[in-house]
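Take a look at the structure set out below.
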Amino acid sequence: MPKISIPELARKREAGEPIVMVTAYDFPGARWAERAGVDMVLVGDSGAQVVLGYDSTVPVTTDEMLVLARAVRRGTETAFLVCDVAFGTTETSDAQAVETAVRFVKEAGADAVKIEGGRAERLSRIRAIVAAGIPVVGHIGLTPQTATALGGFRAQGRTVASASRLVEEAIGIEAAGAFCIVVEAVPSEITEVLREALTIPIIGIGAGPTDGQVLVLHDLLGITEGHTAKFVKQFGTIGADAVAAITAYGEEVRSRAFPAEEHGYAGTPEALEAARQ
Ligand code: KIV
Ligand code: NA
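Just so it is clear: in the sequence shown, position 142 is 399 by our numbering, and no numbers are missing.
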């Protein structure tokens, strides 16, 4: 299969072929996504929580994101690789945003970066990164990096002001040069309005059926412990499977059922003789 390109993603929107995106944070995750034939892999800053154990996406640094991104790059062949820029690494100026985006391309081989928000300063950042030759994915609706300012982790576009703001931001993001946009936690009727207002593909998460979908890998695999968002569908039980496998291993170690003879190496009589002296 040829590598997925931006024109191919645009064609999928035109043709009504849903775009499949999933997050990945390491080499095996990237391999699984690749073998499953996804179109886009996102090194999400959700990795701050699901693989690094932070309680939000806010603390993660570019250096940490780059470690994850490089591992994912090594495992990705045909999928289009998008990397999230971390909170605080684009906020200061357009120059800072370009510098951050360049690191993801140069040091991790990202195909594009994703940047949250659609207010005027954010549009300026998108224009600057695009002008530097780096493709940008927008992200509106529930934007976890600034969830506190949104009043917490809650659906967006449910008030008149919020719905109007979403449309304005989406149009601004497309005009700023983004080739794709993630819409998170928004009623599906609003997503449909956004879709009519835009020509670029919308990747939804908790936003109803649209041009494509994204889920956090650890949520869909059933690895995430405890609460997950309403929009998560669990397609596997990998967390429980992992605990069962490690428990079985522990039991066999304690009962001495493991290791068995076939897990060891045959010696030679001469070496044994020498070792005994
Ligand atoms: O960080 C992430 O995983 C994301 C997706 C949920 C869109 O931004
Ligand atoms: Na993110």
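The C-beta atom is built at its ideal place from N, Cα and C for all residues, glycine as well. Bear in mind the structure is a predicted one, so any value in this text is a computation, not a measurement.
Here Phe337 carries a strand assignment [DSSP, helix/strand/coil]. Contact check for Ala435 and Val471: beta-carbon distance about 15 Å, past the 8 Å limit, so the pair fails to qualify.
The beta carbon of His475 is closer than 7 Å to those of Val307 and Thr481 in its chain, skipping five residues each way along the sequence.
Boundaries of the alpha helix (DSSP H) harbouring Ala420: Val417 to Ala433, taken from the DSSP string. Straight across, the Cα-Cα distance linking Thr456 with Val298 is about 22 Å. Taking 8 Å as the cut-off, the Cβ atoms of Ser303 and Thr319 do not count as close. Excluding five sequence positions before and after Tyr506, the CB atoms of its chain that fall closer than 8 Å to its own CB belong to Phe515, given in chain order.
Beta-bridge analysis with DSSP links Gly398 to Glu441. Residue pairing by DSSP leaves Glu364 without any beta bridge partner.
When DSSP states are grouped into helix, strand and coil, Ala369 belongs to the strand group.
An exposed status is given to Gln534, since fewer than 16 other beta-carbon atoms sit within 10 Å of its beta-carbon. Placement of the Cβ of Val450 at a distance of 7 Å or more from every heavy atom of the ligand KIV is found.
Gly390 has its alpha-carbon roughly 16 Å from the corresponding atom of Val342. Look at Thr319 here: in three-state DSSP terms it is helix.
Distance from the Cα of Ala427 is smallest, within the candidate group Pro444, Ala412, Val450 and Arg415, for Val450. Between Pro316 and Ala305, the gap from beta carbon to beta carbon is short of 8 Å. If you check the C-beta of Val439 against the ligand KIV, you find a heavy atom less than 7 Å away.
Looking at Ala420, Ala287 and Phe361, the one whose alpha-carbon comes closest to that of Ala454 is Ala420. At least 8 Å separates the beta-carbon of Ala352 from that of Phe361. For Ile383, the distance from the CB to the nearest heavy atom of the ligand KIV is not below 7 Å.
The ligand NA has no heavy atom closer than 7 Å to the beta-carbon of Ser262.
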